[in-house]
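Residue numbers (the numbering used here), protein chains in the order written: chain U, -11 to 343; chain E, -11 to 343. Notes for the one structure printed next.
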C-alpha cells in the first residue's frame, strides 16, 4: 500500500492507494471509534460496494443516504435534502460522514460535512479516477450555483482518503478517460518526468494495468498533496492545479453541467491553454503536439464545443473564481513540467483562440 | 471608544464599541483597501443608515444587497439568492462583505462570506442589541433548516465588529428586551459582579442611558471574546454560552421562527434551566428569584409557551447540536456567576419541569 500524507499541521491526513483496499477488514476502524457513521453515496455505487462497506467498517452499523447521480444534482437543493436526512436520522456532532463515490458525491458530502451543525468530520472513498487523482484530495468542497460551477463551498479537509484502484474496473471508459485528463495535467504543470512516463506507459494505462494505474494515481496524489501543503487556500501556487479549468468551466457551464464531463472540458481547456502559450512563445509547437497526442490516446476532446465562441466563453469566464481585480486569470504552461498564472492574454489573442 | 480583541492567532479581530461610531469618517478604510465592497442589509436598516454608510466607507463605492427581514428568511433559499446577486454583480474573491443589521443579516451574511467561492472576508456592523452582544462576535454563522435552527453553517470569523450604540435608539422595545436576555445570561454563567451591576443599573438600561448601555455591551462582548478565544469551535467551555438555548431553540422551533424572538425564548429557557438547577440543589430559590426579577424588568417571558409540554420540547431537543452520544446536554447554573454542561437531568425531572 502506498501512503502519502497531506501535511497541514493538525489537519494533516493520509492518502492510501492500493488494489483491493476495500477488502481490508476494519480499514476504517481508527476513524470511526465512538462515532456514528453515515455513508453518502448514489444508487449505482452503493449497489457495487454495499458488501465491502460492511467489511471495511468492521461490521459497525451505519446509515446510508443516497443522492441522485450526476453533476446537475451537485446543487443546494440536494445539499439541503442530505442535511434533512441527517436531521431525520438524528445525526449530530458525534457523526462522521463517508463519501463513497465520484467527484459529485465527494464534493457535496464534503460541503455537507463542513456545514452540518457547523462542521463534522468526513472520509473520502473516491471510486472514479477523476475523484481519486483530484477532487478527493485537498479539501475543496462545493456545490454549483446556476450562475457558476463550485461557487458555493468551503476549504474543508477530510480525515483520510482511501483509494482502491480496483474500483476503476467498473468505471465506464468515458469517465476513465476524463480522469486521465487530470493525471496528464500534473505532468504538464509540475513534472516533466511524469509526463514522459505517461507517454511511455499510455498503452498500459489504457489496458488498466494495475501497477501502472497505481503509480499514475499515487504520483498524481503526491503532486497534489505537495502543492496543497504549500498553499491550502489557493492564494498562490495551488492555482496551477487549475490548468485548463478557466476554459473548461466555461465549456461545462455553456453546455449544461453533465453533458461534457469535467475532465473532458479540462482536456479541451488544456489544449486552448497550450495554444495560448504557444502564441506567447512559452511553448514549442512540438510540445503542444505532445500534449494533444497524449490526450488523444484516451479519446479526449481536442477542441472546444462546436459553435462555442469568444462571447460565450467570456460570459462564463468573467465569473471564474480566479478573477482578481476584474482580470480573468489563466494558467499557462511554460514548457512541459512548468506553468504560471497570468492575466496577460490580450483580447485579440483570446478572440483568435476562441473563434 | 472601547476596543477589545478576540484573540485567535492570525484570525484575531477587534470589537469596537461607542456611541455615534458610524459617524466616524472612513472608519472602515483599513479593511476595504483594494477590496470591492458589498453591503448586505434589509430595507428597514438600509433606510436608516444609508447616509452613514457613505461616511464610514470614506465615499468608496459599494453595492447593496437587500434581503427580507425576519428569522423565517434565514434559510438556504435566501442564502442562494444573495449568492446569485453577488455573481450577477460580478463579485469575486477580491470582495469584502459588510453585514449591516441584526442577527438574521449577520448570521446569513457570515455564512455567505464563509461559502462564496469557498470564503471571502466580512465585517459585522450589528444594529440590534442581541446582535451586538451575541451573534456578531465569535464567528458562528448559520442559516436554519426546516428541521432545526442554525443547523447549516460555519465557524467563520469576521475581520472586525463595529458596534454603534446609537443604533439602539431606533430599535423596537421588544427587540431591545430580547437583547437584554443575552446580556443577563453573561452575568448568570460567568460573572456575578456583572449580574449585580445589572440589578443595580436596570432602570438606567431601561431608559437606554448611553453610558450604562455602552458598559453593558462592552462587558458582554468582553466575556464572549474571552470564552471564544479559549474554545473557538465549542468543544468545551463555549457551550456555556448556550444557557437557556436548549429549551429556547425548542420554543422557537415549536412556535415557528419569528413568532417568539430568540432572546424571548432564551429568557424563558434560562428560567427553566434555573428551575432544573434548583431541583438539583445547585441553585437557591432566592437566586432563581433574582434571575426572574431581573428578566421581568425588561418584560421578558417568564414561562414557556402555553400548551407546550414535555413531548413538544423533546421532539426539538433531540435535534439540538449539543446532543452527544444520544444524550441531550443542558447548561445549568451552579449558583450565580457559574454554570456547567450536564446530561444528568432525569426524564421524571424534565417531565415535571415541562408539563
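From the three backbone atoms N, C-alpha and C, an ideal C-beta is built for every residue, glycine too.
**Prompt:** CB-CB under 7 Å to residue 192(E), same chain, minus the five flanking residues each way: which ones, in chain order?
**Reply:** As a working note, residue 192(E) is residue 204 in the second chain. Within the same chain, residue 192(E) has close Cβ partners 200.
**Request:** Please check the pair residue 177(U) and residue 321(U), which I expect to be a contact at CB under 8 Å, by giving their CB distance rounded to whole angstroms.
**Result:** For the purposes of this step, residue 177(U) is taken as residue 189 along the first chain, with counting starting at 1. For the purposes of this step, residue 321(U) is taken as residue 333 along the first chain, with counting starting at 1. The beta carbons of residue 177(U) and residue 321(U) sit about 7 Å from each other, so the pair counts as a contact at 8 Å.
**Request:** Just the chain E side, please: which residues come within less than 7 Å of residue 105(U) by C-beta, in chain order?
**Result:** For the purposes of this step, residue 105(U) is identified with residue 117 of the first chain, where counting begins at 1. Going along chain E in sequence order, the residues near residue 105(U) (Cβ under 7 Å) are 139 and 309.
**Message:** With three or more C-beta pairs closer than 8 Å as the rule, is the region 48 to 66 of chain U touching the region 29 to 38 of chain U?
**Reply:** yes
**Prompt:** With a Cβ-Cβ cutoff of 7 Å, do residue 82(E) and residue 238(U) count as a contact?
**Reply:** As a first step, residue 82(E) is located in the second chain; it is residue number 94 there, counting from the start. As a first step, residue 238(U) is located in the first chain; it is residue number 250 there, counting from the start. No, Cβ-Cβ distance for residue 82(E) and residue 238(U) is not below 7 Å.
**Message:** Taking the straight line between their C-alpha atoms, what separation do you get for residue 88(E) and residue 20(E)?
**Reply:** Locating residue 88(E) in the second chain gives position 100, where the first residue counts as 1. Locating residue 20(E) in the second chain gives position 32, where the first residue counts as 1. If I take the Cα positions, the gap works out to 15 Å.
**Residues near residue 262(E) in its chain [Cβ-Cβ closer than 7 Å; skip 5 each side]** = Counted from its first residue, the second chain places residue 262(E) at position 274. Counting only Cβ-Cβ distances below 7 Å, and skipping sequence neighbours, we find 271, 276, 279 and 321.
**Request:** Starting from residue 330(E), follow the beta strand (DSSP E) in both directions and report where the run begins and ends.
**Result:** Within the second chain, numbered from 1, the residue matching residue 330(E) stands at position 342. Its beta strand (DSSP E) spans residues 327 to 330.
**Message:** Less than 8 Å between C-beta atoms, sequence neighbours within five positions excluded: which residues of the same chain meet that for residue 306(E)?
**Reply:** By one-based count along the second chain, residue 306(E) stands at place 318. 316, listed in sequence order.
**Item:** Alpha carbon of residue 219(U) to alpha carbon of residue 225(U), nearest angstrom
**Value:** On the first chain, residue 219(U) is found 231 positions in, with the first residue counted as 1. On the first chain, residue 225(U) is found 237 positions in, with the first residue counted as 1. If you take the alpha carbons of residue 219(U) and residue 225(U), they lie about 6 Å apart.
**Prompt:** What is the rounded straight-line gap between the Cα of residue 77(U) and the Cα of residue 25(U)?
**Reply:** Taking the first chain and counting its residues from 1, one reaches residue 77(U) at position 89. Taking the first chain and counting its residues from 1, one reaches residue 25(U) at position 37. Answer to the nearest angstrom: the Cα atoms are 11 Å apart.
**Asked** So residue 213(E) packs on residue -6(E), CB below 8 Å; how close in whole Å?
**Response** As a position in the second chain, residue 213(E) is number 225, starting the count at 1. As a position in the second chain, residue -6(E) is number 6, starting the count at 1. 4 Å between Cβ atoms; contact.
**Prompt:** By how many angstroms is the C-alpha of residue 299(U) removed from the C-alpha of residue 4(U)?
**Reply:** Translated into the one-based positions of the first chain, residue 4(U) becomes position 16. Translated into the one-based positions of the first chain, residue 299(U) becomes position 311. Each residue's alpha carbon lies about 43 Å from the other.
**Prompt:** Do you know whose CA, among 71(E), 106(E), 294(E) and 61(E), lies nearest residue 223(U)'s CA?
**Reply:** Here residue 223(U) is taken as the residue at index 235 of the first chain, counted from 1. Among 71(E), 106(E), 294(E) and 61(E), the Cα nearest to that of residue 223(U) belongs to 106(E).
**CA nearest to the CA of residue 186(U), picked from 329(U), 286(U) and 64(U)** = To locate residue 186(U), count along the first chain from 1; it is residue 198. When only C-alpha atoms are compared, the closest one is 286(U).
**Straight-line Cα distance separating residue 215(U) from residue 221(U)** = Counted from its first residue, the first chain places residue 221(U) at position 233. Counted from its first residue, the first chain places residue 215(U) at position 227. Each residue's alpha carbon lies about 11 Å from the other.
**Item:** Contact with chain U by residue 133(E), beta-carbon distance below 7 Å
**Value:** Locating residue 133(E) in the second chain gives position 145, counting from the first residue. True, the Cβ-Cβ gap to chain U drops below 7 Å.
**Message:** Three or more C-beta pairs under 8 Å: does that hold for the region 115 to 126 of chain U against the region 160 to 171 of chain U?
**Reply:** yes
**Request:** Verify whether the separation of the beta carbon atoms of residue 130(U) and residue 152(U) is less than 7 Å.
**Result:** Counting from one through the first chain, the residue named residue 130(U) turns up at place 142. Counting from one through the first chain, the residue named residue 152(U) turns up at place 164. Not in contact: residue 130(U) and residue 152(U) (Cβ atoms no closer than 7 Å).
**Request:** Taking residue 93(E) and residue 28(E) to be in contact with their CB atoms under 8 Å, please state how far apart those CB atoms are, rounded to whole angstroms.
**Result:** Counted from its first residue, the second chain places residue 93(E) at position 105. Counted from its first residue, the second chain places residue 28(E) at position 40. About 6 Å; that satisfies the 8 Å criterion.
**Item:** With 16 other Cβ atoms within 10 Å as the buried cut-off, status of residue 236(E)
**Value:** For the purposes of this step, residue 236(E) is taken as residue 248 along the second chain, with counting starting at 1. Its Cβ being crowded by 16 or more others within 10 Å, residue 236(E) is buried.
**Prompt:** In terms of alpha-carbon separation, which member of 127(U), 73(U), 133(U) and 17(U) lies closest to residue 69(E)?
**Reply:** The sequence position of residue 69(E) within the second chain is 81, counting from 1. Nearest of 127(U), 73(U), 133(U) and 17(U) to residue 69(E), Cα basis: 133(U).
**Asked** Can you find a CB in chain E that lies within less than 7 Å of the CB of residue 241(U)?
**Response** Position 253 of the first chain, counting from 1, holds the residue named residue 241(U). By this cut-off, residue 241(U) is not an interface position.
**Prompt:** Which residue or residues does DSSP assign as beta-bridge partners of residue 54(E)?
**Reply:** On the second chain, position 66 is the one that residue 54(E) refers to. DSSP lists 29(E) as partners of residue 54(E).
**Item:** Pick from 340(U), 248(U), 333(U) and 188(U) that is closest to residue 344(U), judged by C-alpha positions
**Value:** Here chain U covers residues -11 to 343 and nothing more, so residue 344(U) does not appear.
**Request:** Keeping to the same chain, check which residues put their C-beta closer than 7 Å to that of residue 62(U); ignore five residues upstream and five downstream.
**Result:** Locating residue 62(U) in the first chain gives position 74, where the first residue counts as 1. Contacts found: 92, 95, 96, 131 and 132.
**Request:** Compute the distance between the beta-carbons of residue 53(E) and residue 73(E), then report whether it is under 7 Å.
**Result:** Taking the second chain and counting its residues from 1, the one referred to as residue 53(E) is at position 65. Taking the second chain and counting its residues from 1, the one referred to as residue 73(E) is at position 85. Contact: yes.
**Message:** Can you find the residues in the same chain that come closer than 7 Å, C-beta to C-beta, to residue 17(U), ignoring five residues on each side of it along the sequence?
**Reply:** Taking the first chain and counting its residues from 1, one reaches residue 17(U) at position 29. Here the set comprises 46.
**Asked** Do residue 145(E) and residue 127(E) have their C-beta atoms closer together than 7 Å?
**Response** For the purposes of this step, residue 145(E) is taken as residue 157 along the second chain, with counting starting at 1. For the purposes of this step, residue 127(E) is taken as residue 139 along the second chain, with counting starting at 1. Taking 7 Å as the Cβ cut-off, residue 145(E) and residue 127(E) qualify as a contacting pair.
**Asked** According to DSSP, what are the bridge partners of residue 6(U)?
**Response** What you label residue 6(U) is simply residue 18 of the first chain in a count that begins at 1. Answer is 152(U).
**Prompt:** How many angstroms separate the CA atom of residue 248(U) from the CA atom of residue 182(U)?
**Reply:** In the first chain, counting from the first residue as 1, residue 248(U) sits at position 260. In the first chain, counting from the first residue as 1, residue 182(U) sits at position 194. Roughly 27 Å between the two C-alpha positions.
**Asked** Thinking C-beta only, is residue 288(E) closer than 7 Å to residue 165(E)?
**Response** Translated into the one-based positions of the second chain, residue 165(E) becomes position 177. Translated into the one-based positions of the second chain, residue 288(E) becomes position 300. Cβ distance < 7 Å, so residue 165(E) and residue 288(E) count as in contact.
**Message:** Within a Cβ cutoff of 7 Å, which residues of the same chain sit near residue 284(U), ignoring the five residues on either side of it in sequence?
**Reply:** Translated into the one-based positions of the first chain, residue 284(U) becomes position 296. Hits under 7 Å: 290.
**Request:** Measuring only between beta-carbons, confirm whether residue 286(E) sits less than 7 Å from chain U.
**Result:** The residue labelled residue 286(E) in the question sits at position 298 within the second chain. No, its Cβ sits nowhere closer than 7 Å to a Cβ of chain U.
**Request:** Out of 118(U), 244(U), 136(U) and 332(U), state which residue places its alpha-carbon closest to the alpha-carbon of residue 267(U).
**Result:** In the first chain, counting from the first residue as 1, residue 267(U) sits at position 279. Of the listed residues, the one whose Cα sits closest to residue 267(U) is 332(U).
**Prompt:** Does any CB atom of chain E fall closer than 7 Å to the CB of residue 75(U)?
**Reply:** Stepping through the first chain from its first residue, residue 75(U) is reached at position 87. The Cβ of residue 75(U) sits closer than 7 Å to at least one Cβ of chain E.
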